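Residue numbers (the UniProt record's numbering): 1 to 178. All C-beta atoms, glycine included, are put in the ideal place defined by N, C-alpha and C. In this text the structure is predicted, and so the values were computed from the model without any measurement. Data block below; observations after.
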Amino acid sequence: MSQLFPGAVVEPVELAETKGMVCIRTASESDVESLSVYFTGLSTTSRSKRFMGARTDLSVVAAECVAKSGGRDHFTLLAELREEGRGRIIGETLYAYDAMARHGEFAISVADAFQRMGLGFQMMTAMETRAVDLGHEMIAAETARTNAEMRGLAKKAGFRDTGLGDWQSVHLAKRLSR
1 MSQLFPGAVV
11 EPVELAETKG
21 MVCIRTASES
31 DVESLSVYFT
41 GLSTTSRSKR
51 FMGARTDLSV
61 VAAECVAKSG
71 GRDHFTLLAE
81 LREEGRGRII
91 GETLYAYDAM
101 ARHGEFAISV
111 ADAFQRMGLG
121 FQMMTAMETR
131 AVDLGHEMIA
141 AETARTNAEM
151 RGLAKKAGFR
161 DTGLGDWQSV
171 HLAKRLSR
């Protein structure tokens, strides 16, 4: 898409609050260590919201995110901040298509210092565009009822509560269109 950011899946943007360009790109095997560092750098609250509970095996999680990426029905997108020629992961979203259920599911996180700047919405939009390009028609996610931030972001992105959640979780879905 861009000569400066050859792996970008959307045009790189400059967030008003940052001093660098943000590129949303597909993860590769070379990103495992950086993704592990990113997960470790999330606050305990952000990690718990992303994984819907406590996780200590973050290097394994990072390796799984990247290993599943690249297939037709699985991908991981990374938001990378480029400052002074160096990149740092500041957000990620994992997408997996369930052929039996006929919908994609996703998980997303944004580094604490970059939350509430529109990056999560940009990442969701890039993920949805990729899912549509793959021919997928529905996307869903589950989040804790207490995760007001994710519920608000999902509502802003056009997701609706399906009523399929339980007393602890909310199931969100959105029909995709070309």
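For a test of the three-state rule: what should DSSP assign to arginine 116, helix, strand or coil? Here arginine 116 carries a coil assignment [DSSP, helix/strand/coil].
Roughly how many angstroms lie between the CA atoms of lysine 156 and isoleucine 108, to the nearest whole one? 15 Å
Does glycine 53 come out as helix, strand or coil in the three-state DSSP assignment? coil
Could you tell me the distance, in whole angstroms, from the CA atom of glycine 53 to the CA atom of methionine 150? 15 Å
May I ask which residues mark the beginning and end of the alpha helix (DSSP H) holding glycine 41? 32-41
Own chain, CB closer than 6 Å to alanine 154, minus 5 neighbours either side, in chain order: Exclusion of the five residues before and after alanine 154 leaves Leu172 as the residues of its chain whose Cβ lies within less than 6 Å of its Cβ.
How many Å lie between arginine 88 and arginine 55 at the Cα? 22 Å
Assuming contact is defined by CB atoms lying nearer than 8 Å, are glycine 104 and isoleucine 139 in contact in what I supplied? yes
Straight-line gap, glycine 165 to glutamate 84 (C-alpha atoms, nearest Å): 44 Å
Best match in Gly135, Asp161, Asp73, Met127 for proximity to glutamate 142 [C-alpha to C-alpha]: Asp161
Is the number of C-beta pairs between the region 21-30 and the region 59-68 that are closer than 8 Å three or more? yes
Can you say whether methionine 127 is buried or exposed, counting buried as having 16 or more other CB atoms within 10 angstroms of its CB? Buried, because 16 or more other Cβ atoms sit within 10 Å of the Cβ of methionine 127.
DSSP three-state label for alanine 99, please. coil
So what does DSSP say about serine 169, is it helix, strand or coil? strand
Taking its Cβ as the centre, do 16 or more other Cβ atoms sit within 10 Å of valine 60, making it buried, or is it exposed? exposed
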